[in-house]
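The sequence shown begins at 1052 in the working numbering and counts up one residue at a time. Report on one structure; see the data block that follows.
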Amino acid sequence: MIKLYDLSSSPYAARVRIQIRLKDLPIELVKPPFALRSSEFLQTFPLGKLPLLQLHDGSTIAESTVIMDYLEALFPKAPLIPPSPISRANNSMLVRYADNHLAQSLLPLFIEFMSFEKNKVGITNKLENLQAELNKLEALLTTQPDFRQRSIQTGDICLAPVIYYAIELAGWFGKQEIINDLPAVFDWWQWINQHPAVADTIAEIDRAHKAVIK
Ligand SMILES: N[C@@H](CCC(=O)N[C@@H](CS)C(=O)NCC(=O)O)C(=O)O
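In structure tokens, the structure reads:
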């Protein structure tokens, strides 16, 4: 059986779990056999990150979006990547936005969060950067065709766990409900959570994240 080396709290692993659940794929979710960053881990996980897909012959695929594209090619039924060139481009923009824009603005907040101190210098600036990236998503969703008129796609799936962390970390640093003044983002978040595969996976990340806080 194909295996996904998984991490409950990881937004990157979560997106692959959502895909697996939405398409009901025959893939086993397993925990990594070695501690992250150990030399054994780095030997088996060449890019040093989770998630990692392991195929029947033992070969491995790293990088969540590469894994997702591979799984779409391997299991094309109930496609999560649209067929037309323009809708593919719109979908890819959401994927790239999630990784190259939103996740980049979250990283500095995540580093502060891991230090477990809420009142560090520079938090206001980091929250403003996050807000600016979320404003871009508002603009992107507004210029793209209405998401309510299409089915769920890999771009939505990549974005959902990162938006979860944006809401959660902004709240942790005192800015509650960071997407509430962004009507398109707010509606998209409600819309995407109507999928049980998404809502259940977000709840899973939330449990893992809250366990860290404890
Ligand atoms: N670009 C990678 C990012 C994966 C990633 O950063 N994974 C984190 C967990 S959220 C990880 O494995 N971190 C272990 C480490 O950095 O040692 C992807 O999309 O798969």
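Ideal Cβ placement from N, Cα and C applies to all residues, glycine included. No experiment lies behind these values; they were computed from the predicted model shown.
Boundaries of the alpha helix (DSSP H) in which residue i is found, first to last residue
i, result
"tyrosine 1215", "1205-1223"
"leucine 1233", "Note, leucine 1233: premise wrong, no alpha helix (DSSP H); not H, not E."
"lysine 1177", "1174-1194"
"glutamine 1094", "1090-1095"
"isoleucine 1078", "No alpha helix (DSSP H) holds isoleucine 1078; the beta strand (DSSP E) holding it covers 1078-1081."
Residue i versus residue j: straight-line alpha-carbon distance, rounded
i, j, result
"serine 1202", "tryptophan 1242", "10 Å"
"glutamine 1094", "alanine 1154", "27 Å"
"glutamate 1189", "glutamate 1091", "43 Å"
"alanine 1183", "glutamate 1079", "38 Å"
"glutamine 1245", "leucine 1087", "33 Å"
"proline 1234", "proline 1084", "43 Å"
"lysine 1054", "proline 1077", "9 Å"
"glutamate 1228", "leucine 1106", "41 Å"
"proline 1133", "arginine 1139", "6 Å"
"serine 1156", "aspartate 1150", "10 Å"
"histidine 1152", "serine 1110", "31 Å"
"aspartate 1232", "leucine 1145", "20 Å"
"leucine 1191", "serine 1089", "40 Å"
Neighbourhood of residue i by C-beta distance below 6 Å, restricted to the same chain and skipping five residues each side
i, result
"serine 1059", "Glu1255 and Ala1259"
"isoleucine 1069", "Ile1208, Ala1248, Val1249 and Thr1252"
CA nearest to the CA of residue i, picked from the options
i, options, result
"arginine 1147", "Val1213, Leu1104 and Pro1083", "Val1213"
"alanine 1129", "Val1249, Ile1253, Gln1204 and Ser1115", "Gln1204"
"glutamine 1195", "Asn1142, Pro1234, Leu1160 and Cys1209", "Asn1142"
"alanine 1113", "Tyr1063, Phe1237 and Ser1138", "Tyr1063"
"aspartate 1108", "Lys1074, Met1052, Arg1072 and Leu1131", "Met1052"
"proline 1247", "Tyr1056, Asp1057 and Asp1075", "Asp1075"
"serine 1061", "Ser1089, Phe1161 and Ile1137", "Phe1161"
"isoleucine 1174", "Thr1193, Ile1230, Pro1159 and Val1067", "Pro1159"
Closer than 7 Å: residue i CB and nearest ligand 2 heavy atom
i, result
"serine 1115", "What this structure holds is ligand 1, not ligand 2."
7 Å Cβ shell around residue i - same chain, five flanking residues per side excluded
i, result
"phenylalanine 1164", "Leu1220 and Trp1223"
Span of the beta strand (DSSP E), counted from its first residue to its last, around residue i
i, result
"isoleucine 1053", "1053-1056"
Residues of its chain near residue i, where Cβ-Cβ distance is below 8 Å and the 5 sequence neighbours each way are ignored
i, result
"leucine 1101", "Tyr1056, Asp1057, Leu1058, Ser1061, Tyr1063, Ala1064, Pro1083 and Leu1087"
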